[in-house]
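Undergrad: I am attaching a structure below and will ask some questions about it afterwards.
There are 2 protein chains.
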Amino acid sequence: MSAFFDAHAGLLKAAVEAARTRGYWSAYPEVPSGKIYGESAKADGEAAFRDLLGKPFPLDQRAEAQVGAESSPYGFALGITYPSVPAAALVVASEQARPGWARASVEDRVGVALEILARLNRQSFLIANAVQHTSGQAFMMAFQAGGPHAQDRGLEAVAYAYDEMARIPGAVTWTKPAGKVSLVLDKSFRIVPRGTALVIGCATFPTWNSYPGLFASLVTGNSVIVKPHPGAILPLAITVRIAREVLREAGFDENVVQLAPDTAEAPITKDLVLHPRVAIIDFTGSPAFGEWVRENARGKQVYTEEAGVNSIVLDSTDDFRGLTGNIAFSLSLYTGQMCTAPQNIFVPRDGIETPEGRKSFDEVAEGLKTAIDRLLGDPERAAAVLGAVQSEATLERVAAAATRGRVIRRAERVAIPGFEGARAITPLLVAVEAADEPVYTVECFGPIAYLVATESTEDSIRRAAETARAKGAITASLYTTRDAVAAAAEDAFAAAGVALSINLTGQVFVNQSAAFSDYHVSGGNPAGNASLTDTAFVANRFRVATVRRQAAA
Amino acid sequence: MSAFFDAHAGLLKAAVEAARTRGYWSAYPEVPSGKIYGESAKADGEAAFRDLLGKPFPLDQRAEAQVGAESSPYGFALGITYPSVPAAALVVASEQARPGWARASVEDRVGVALEILARLNRQSFLIANAVQHTSGQAFMMAFQAGGPHAQDRGLEAVAYAYDEMARIPGAVTWTKPAGKVSLVLDKSFRIVPRGTALVIGCATFPTWNSYPGLFASLVTGNSVIVKPHPGAILPLAITVRIAREVLREAGFDENVVQLAPDTAEAPITKDLVLHPRVAIIDFTGSPAFGEWVRENARGKQVYTEEAGVNSIVLDSTDDFRGLTGNIAFSLSLYTGQMCTAPQNIFVPRDGIETPEGRKSFDEVAEGLKTAIDRLLGDPERAAAVLGAVQSEATLERVAAAATRGRVIRRAERVAIPGFEGARAITPLLVAVEAADEPVYTVECFGPIAYLVATESTEDSIRRAAETARAKGAITASLYTTRDAVAAAAEDAFAAAGVALSINLTGQVFVNQSAAFSDYHVSGGNPAGNASLTDTAFVANRFRVATVRRQAAA
């Protein structure tokens, strides 16, 4: 079994080091290149995806029924069904599978996890298709965020958990001087998992957001039930199938990892959350359901990423075109459906300083509109940047938002070549006043951006930070040429638990969060109680049991 | 300010190393010797204690009233009062004091904590008197557990928190290759505290159980409100006074640490727990109030040590006299008022194997009775081992327990030389049947031990582990000469989250938990949700805020 650990030990060591130094590092290539993944990998991945459509998904799990009702945001039903049993039966199987897994060495468990990640990486093209046609992400993003970047996030969790477990010595001799003699105890320390762990996935980033909790719980000895969003089962079904395959090869009960598929009509998430033997819950999703989970999972370890109201504060810039281009991309990427996408852009009522002189509020608005037009003017590029809208409800939210202020740029339908039924739109840009707090201090998921006219930059920072503190926020962005403004913003957003990006005018975007360097979600405001990944995310998924034996002095 | 850090850096380094290697290590000498602490230290400490009696405690905190109604279990009222303001005012002062403390460097904060510990150590004799005359502990135990051992536990928490914070780099450059150019970000990471931290102390170990949470919250940048048990304020008042003195010398607002005294008649703990700005709670106390805290502190970081039902399983021994002597001491030490003291002694109905042949259940019972008689036969030794009973309620509990089975040894009043009014008794030993679960599977705090007659050792282990899982347990003890029995017990107690001691027949006792080696409470059963000290105890007391700045490629 430890062959898996030995095979990946070098990678693990590099990952542990990367998590400490937090510069740029990645284990899995993000370029969907035939040279890296094999010349036929792209075609093979797409063929494998097509081959799964319209039939039961091959997963060797006990089934009382087949369920599944996924449909692609690009306009067709997947027609795939998955084996389903009630929540209680999943938990029984999980409890039965765990003891052998919990008894295995840290190295054996970590080796299995690393082999799962390696095989997931080899299936990145299949996973890209699965993510594209459940989340609506454009192919390139589905490949990167759904494949190698998600795998990096999984590896990061493995590295943190391994590092933490490795700090606990297996056995020590305790020798206490006591006058002429010594008191001697032989002690051993054993890692004990919490129990059955539940991972609740979301529809927009089914793998990226699920892998950290899945792998953190797994390597610490817990058995894991993976509950995908009913609209994005396939990417996690592929993941679970690979996990079970590796577990079986390594001699473990494959029910250490199980899939819990359901549909919106017959959901099973609450049954799982409420089950007394479920000890750990990782949740990604809406604040409304997140609150229900937190309220009802008392006494359990709960890690959430919910959502928030992300802000951009515009004070001044030495590159107005870079500013507008960068923001236009951040608003457009995956049609604003990233939890890191900006919603509110605070601009002083009397404008901002630029190299071309002071630009008024309206000139800033016009600059952003123009930048979005330019970015999305080419239909092929628009399709590649925007992807499709995951949920019909988002379209309704966009329509409602357009009535809440002065529309700077309307959300327009976009044609996606090759997918006539695709649900694709451009971002909506609406100007509002600082006093319109009921409009802009609530999360409006999707491609909705409010340009908020404020008294001053100080007012902007105060409003952005206060919204983060009250409603949650994952990212903030600031444009300024003044050091004192930057320093004030750093203090304000740090206190509100928000990651701040300053003066992004090039090819790095506030939405992006890189494994091994960026802490995704601080855990310090209502946008989520956990961070991907820090020590707190892994250290409480296991406990230590001590045995002390009296020894001869 | 960093002078404090520099002065103690060697000690900190050794403490971090000790927490990783977990062999024997201690920073503060446990021997109350004049050679170590100064020839007059003992007399000075007692005089300083006497000098505090019967008047307002000198603490420079804002006061609307003076409160306090402590009385020594040795039979006299302390007559000390402490400055009191409502909970809301304490929180306001805490919030105002924190920003400067949160902005300080990790080294500055850790330096202050280490200096506080050093000064606490110098006051160990005063603290010993304060602990003795609030908890009822005999002087030697009050000195060791209340002084150096508590200081070791505090240092351990500082070491873990420092180690964890030191792993997060202050600033890094992130350089991502992107074709011919690179994407470059300058990133900085800032430690952000949770907010106001509340430490709720207990009456039996006011310092030992409070220092870990106090110091862990403090060095991670939180401001701390220390809420002592109304019956044991003085040891924490002395602690808070020293903390404020060091904070002031280092240039910080002394309200970073505040005392929140109250009385049983006008308690303020619930107001503090419910206050929305209180973000962290460390609680030591009863499961009943612990449950209230856990239920009502939702969304806050809560660390509890409550209580449990600790067991001894007797299977076989090669040293029956060592066994009985060791158990007698464990039952008698501080009159069974340790959260680690055994309550249930499981003995097979048909007895256990010993070098003198098989001993029947009754012979085992008689052996334990004899050992207690022997230990406590000398009045001076009895006083030194037993100390006094902290609460009158414990005496009532002992009287009730005596009616629940066949009394093997009655609890008897003990005279403590020099303290005529002392509340001191010997342990009660009662034989019950395995079927009497309603009697012995509930926690009976105090010197109450049940000898439980079981089917077999397997039955004993099963019952002990199941009680631990359902009701909580901190310790378990096993006597066996059979490896298979030891292995089965190790598995069962590990799964139930209980620390197991095997074959203690000498001068180490199951009740004892040593800083830097023993994890006190596993956090894996209802006896408490946290462990002293592991990484999980410190890692979530702060969050990390990131700032990313676009840099030139």
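Chains as they are written, first to last, in my numbering: chain X, 1 to 553; chain L, 1001 to 1553. Ideal placement from N, C-alpha and C gives every residue a C-beta, glycine not left out.
Assign Ser-1501(L) to one of three DSSP states: helix, strand, or coil.
TA: The residue given as residue 1501(L) occupies position 501 in the second sequence. Reduced to three states, the DSSP call for Ser-1501(L) is strand.
Undergrad: Can you tell me whether DSSP reads Ser-460(X) as helix, strand or coil?
TA: As a working note, residue 460(X) is residue 460 in the first sequence. Ser-460(X): helix per DSSP, three-state reduction.
Undergrad: So is Thr-173(X) buried or exposed if we call it buried at 16+ other beta carbons inside 10 Å?
TA: Against the first sequence, residue 173(X) aligns to sequence position 173. Thr-173(X) is exposed by the Cβ-count criterion.
Undergrad: Output needed in chain order: residues of the segment 1491 to 1502 of chain L with a Cβ under 8 angstroms from some Cβ in chain X.
TA: Answer set for the segment 1491 to 1502 of chain L: Phe-1493, Ala-1494, Ala-1495, Gly-1497, Val-1498, Ala-1499, Leu-1500, Ser-1501, Ile-1502.
Undergrad: Anything in the segment 152 to 178 of chain X with a Cβ closer than 7 angstroms to a Cβ of chain L? List those residues in chain order, please.
TA: Taking 7 angstroms as the Cβ-Cβ cut-off against chain L, the residues of the segment 152 to 178 of chain X that qualify are Glu-164, Arg-167, Pro-169, Val-172, Thr-173, Trp-174, Thr-175, Lys-176, Ala-178.
Undergrad: Is it buried or exposed, Arg-1442(L), if we count other Cβ atoms within 10 angstroms and call 16 or more buried?
TA: Reading the second sequence from its first residue, position 442 is the one you call residue 1442(L). At residue 1442(L) the sequence reads Val, which differs from the Arg that was named. Exposed is the call here.
Undergrad: Count the other CB atoms, across all protein chains shown, that sit within 10 Å of the CB of Asp-988(L); report buried if there are 16 or more and exposed otherwise.
TA: Examination of residue 988(L) is not possible in this model, given that chain L is present from 1001 through 1553 alone.
Undergrad: What are the residues of the segment 504 to 522 of chain X that lie near chain C, defined by any Cβ-Cβ distance shorter than 8 angstroms?
TA: Among the chains of the structure shown, chain C does not appear; the protein chains present are X and L.
Undergrad: What do you get for Ala-1307(L), buried or exposed, if any count of 16 or more other CB atoms within 10 angstroms of its CB means buried?
TA: By 1-based counting over the second sequence, the position of residue 1307(L) is 307. Per the 10 Å Cβ criterion, buried.
Undergrad: Determine, using beta carbons only, whether Asp-1253(L) comes closer than 8 angstroms to chain X.
TA: One-based indexing of the second sequence puts residue 1253(L) at position 253. So, not an interface residue.
Undergrad: What is the DSSP secondary structure of Leu-331(X), reduced to helix, strand or coil?
TA: Locating residue 331(X) in the first sequence gives position 331, where the first residue counts as 1. Correct three-state label for Leu-331(X): helix.
Undergrad: For Ala-1401(L), which of Glu-1380(L), Phe-1419(L), Asp-1436(L) has the nearest alpha-carbon?
TA: The residue given as residue 1401(L) occupies position 401 in the second sequence. That would be Asp-1436(L), whose Cα lies nearest to the Cα of Ala-1401(L).
Undergrad: Could you check which residue in Ser-1124(L), Ile-1268(L), Ala-1514(L) has the C-alpha nearest to that of Gly-1068(L)?
TA: Counting from 1 along the second sequence, the entry for residue 1068(L) is found at position 68. When only C-alpha atoms are compared, the closest one is Ile-1268(L).
Undergrad: Whose Cβ in chain L lies nearer than 8 angstroms to the Cβ of Val-192(X)?
TA: Here residue 192(X) refers to the residue found at position 192 when the first sequence is read from its first residue. Under the 8 angstroms cutoff, chain L gives Ala-1494, Ala-1495, Gly-1497, Ser-1522, Gly-1524.
Undergrad: For Asp-186(X), which three-state DSSP category applies?
TA: Taking the first sequence and counting its residues from 1, the one referred to as residue 186(X) is at position 186. Three-state result, Asp-186(X): strand.
Undergrad: Quick check on the DSSP output: the alpha helix (DSSP H) that includes Gln-1144(L) runs from which residue to which?
TA: Taking the second sequence and counting its residues from 1, the one referred to as residue 1144(L) is at position 144. Start and end: 1139 to 1146.
Undergrad: Below 8 angstroms, how does it come out for the segment 1007 to 1024 of chain L and the segment 199 to 209 of chain X: are there three or more Cβ pairs, yes or no?
TA: With a cut-off of 8 angstroms, the segment 199 to 209 of chain X and the segment 1007 to 1024 of chain L do not count as touching, because too few Cβ pairs lie within range.
Undergrad: For Ala-18(X), go through chain L and note every residue whose CB falls closer than 9 angstroms to its CB, in chain order.
TA: Within the first sequence, numbered from 1, the residue matching residue 18(X) stands at position 18. Per Cβ cutoff of 9 angstroms: no residues; Ala-18(X) is ~11 angstroms from chain L at best.
Undergrad: Give a yes or no on whether the minimum CB-CB distance between Leu-597(X) and chain L is below 8 angstroms.
TA: With chain X represented from 1 up to 553, any question about residue 597(X) goes unanswered, as that position is not in the structure.
Undergrad: Contact criterion: CB-CB distance below 8 angstroms. Does Asp-534(X) meet it with respect to chain L?
TA: What you label residue 534(X) is simply residue 534 of the first sequence in a count that begins at 1. At least one chain L Cβ lies under 8 angstroms of Asp-534(X).
Undergrad: Of all the CB atoms in chain X, is at least one closer than 8 angstroms to the CB of Ala-1539(L)?
TA: Mapped onto the second sequence, residue 1539(L) falls at position 539. Cβ-Cβ to chain X under 8 angstroms: yes for Ala-1539(L).
Undergrad: Looking at the unbroken beta strand (DSSP E) that takes in Phe-445(X), where does it start and where does it end?
TA: In the first sequence, counting from the first residue as 1, residue 445(X) sits at position 445. Where Phe-445(X) is concerned, there is no enclosing beta strand (DSSP E), given that its DSSP letter is neither H nor E.
Undergrad: Looking only at DSSP bridge pairs, what is Trp-174(X) linked to?
TA: As a working note, residue 174(X) is residue 174 in the first sequence. In the DSSP output, where bridge partners are listed per residue, Trp-174(X) has Leu-185(X).
Undergrad: Please compile the residues from chain L whose C-beta is within a distance smaller than 7 angstroms of the C-beta of Asp-547(X).
TA: Sequence index remark: in the first sequence, residue 547(X) carries index 547 (1-based). The question names Asp, but residue 547(X) is Val in the sequence shown. The answer, in chain order, is Glu-1490, Leu-1500, Ile-1502.
Undergrad: Looking at the C-beta of Gly-1010(L), does it have a partner C-beta in chain X at a distance below 8 angstroms?
TA: Counted from its first residue, the second sequence places residue 1010(L) at position 10. Answer no: the Cβ-Cβ gap between Gly-1010(L) and chain X never drops below 8 angstroms.
Undergrad: Is DSSP giving Arg-1248(L) helix, strand or coil here?
TA: Position 248 of the second sequence, counted from the first residue, corresponds to residue 1248(L). Helix at Arg-1248(L).
Undergrad: Which first and last residues belong to the alpha helix (DSSP H) in which Ser-2(X) is found?
TA: Translated into the one-based positions of the first sequence, residue 2(X) becomes position 2. Note, Ser-2(X): alpha helix (DSSP H), 2 to 21.
Undergrad: Quick check: the Cα distance between Thr-403(X) and Glu-392(X), rounded to an integer number of angstroms?
TA: Residue mapping note: residue 403(X) aligns to position 403 of the first sequence, counting from 1. Residue mapping note: residue 392(X) aligns to position 392 of the first sequence, counting from 1. So the alpha carbons of these two residues sit roughly 18 angstroms apart.
Undergrad: Between Leu-1333(L) and Phe-1509(L), is the Cβ-Cβ spacing less than 8 angstroms?
TA: Within the second sequence, the letter at position 333 stands for residue 1333(L). Within the second sequence, the letter at position 509 stands for residue 1509(L). In this structure, Phe-1509(L) lies closer than 8 angstroms to Leu-1333(L) by Cβ.
Undergrad: I believe Ala-1065(L) touches Ser-1084(L) by the beta-carbon criterion, under 8 angstroms. Please report the beta-carbon distance rounded to the nearest angstrom.
TA: As a working note, residue 1065(L) is residue 65 in the second sequence. As a working note, residue 1084(L) is residue 84 in the second sequence. That belief holds up - the Cβ atoms of Ala-1065(L) and Ser-1084(L) are roughly 5 angstroms apart, short of 8 angstroms.
Undergrad: Answer yes if the segment 1088 to 1105 of chain L comes into contact with the segment 1274 to 1281 of chain L, meaning at least three C-beta pairs across the two stretches below 8 angstroms, and no otherwise.
TA: Verdict: yes, contact present.
Undergrad: For Ala-1328(L) and Pro-1228(L), I'd like the C-alpha separation in whole angstroms.
TA: Taking the first residue of the second sequence as 1, we reach residue 1328(L) at position 328. Taking the first residue of the second sequence as 1, we reach residue 1228(L) at position 228. If you take the alpha carbons of Ala-1328(L) and Pro-1228(L), they lie about 31 angstroms apart.
Undergrad: Going along chain L in order, which residues have a C-beta closer than 7 angstroms to the C-beta of Tyr-24(X)?
TA: Here residue 24(X) is taken as the residue at index 24 of the first sequence, counted from 1. Trp-1174, Thr-1175, Lys-1176, listed in chain order.
Undergrad: Going residue by residue through the segment 1190 to 1273 of chain L, where are the continuous beta strand (DSSP E) segments of at least 3 residues, counting only ones entirely within it?
TA: For the segment 1190 to 1273 of chain L, whole beta strand (DSSP E) runs of length 3 or above, ordered along the chain, are 1196 to 1200, 1223 to 1227, 1257 to 1259.
Undergrad: Out of Ser-1501(L), Ser-1040(L), Val-1181(L), which has the shortest C-alpha to C-alpha gap to Arg-549(X)?
TA: Working through the first sequence from its first residue, we reach residue 549(X) at position 549. It is Ser-1501(L).
Undergrad: Would you mind working out which of Ala-1384(L), Val-1016(L), Arg-1541(L) sits nearest Thr-1426(L), comparing C-alpha positions?
TA: For the purposes of this step, residue 1426(L) is taken as residue 426 along the second sequence, with counting starting at 1. Among Ala-1384(L), Val-1016(L), Arg-1541(L), the Cα nearest to that of Thr-1426(L) is on Ala-1384(L).
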